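To keep things clear, I will list the structure first and then write my remarks on it.
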Amino acid sequence: MCSLKNLEAQIVRFRDEREWKIYHTPKNLAISLIIELGELLEHFQWKTDEEILSAVRDEAKRKEIAYEIADVAIYLILLSHELGVDLEKAIVEKLQVNGEKYPVEKVKGELFKEFSRV
10 MCSLKNLEAQ IVRFRDEREW KIYHTPKNLA ISLIIELGEL LEHFQWKTDE
60 EILSAVRDEA KRKEIAYEIA DVAIYLILLS HELGVDLEKA IVEKLQVNGE
110 KYPVEKVKGE LFKEFSRV
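Going by the working numbering, the sequence shown opens with residue 10, and the numbers climb by one from there.
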């Protein structure tokens, strides 16, 4: 496995070698991220949880889904890069914020109404 910073460097290098940076504005990257999320969602649309679990047992189908997840991650990492957001740091900080917002002793196993709109 490689670190998020290493992945970011690989992704940026891949992009820059192809001279695609000019197209990678924050707006275009955000739009592309949503498009890729839509492609991921197509694998789940109109399917029951049982059908989805059955589909991912198939190696080829699981690989298709994995590649869509990878596309989403690539665009998210590129967007973070272009905005100067340290994604790893932001994730760690956000987990801490969420930990304070949703303390285990109050929300474990439950979605309390008071927390559902927070």
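Backbone N, C-alpha and C fix where the C-beta goes; we use that ideal spot for every residue, glycine too.
Computed from a predicted model, the values in this text were never measured in an experiment.
Contact under 8 Å by Cβ, residue i with residue j
i, j, result
"Ile44", "Leu87", "no"
"Leu42", "Leu85", "yes"
"Leu46", "Val81", "yes"
"Phe53", "Ile61", "yes"
"Leu49", "Glu68", "no"
"Lys70", "Ala64", "yes"
First through last residue of the alpha helix (DSSP H) which encompasses residue i
i, result
"Gln19", "13-26"
"Asp58", "58-65"
"Lys36", "35-50"
Supposed contact pair residue j and residue i - C-beta distance, whole angstroms, cut 8 Å
i, j, result
"Leu13", "Leu104", "The Cβ separation is near 14 Å, so there is no contact."
Any chance you could list the beta strand (DSSP E) runs of at least 3 consecutive residues sitting entirely within the region 70-124, in chain order?
-> none
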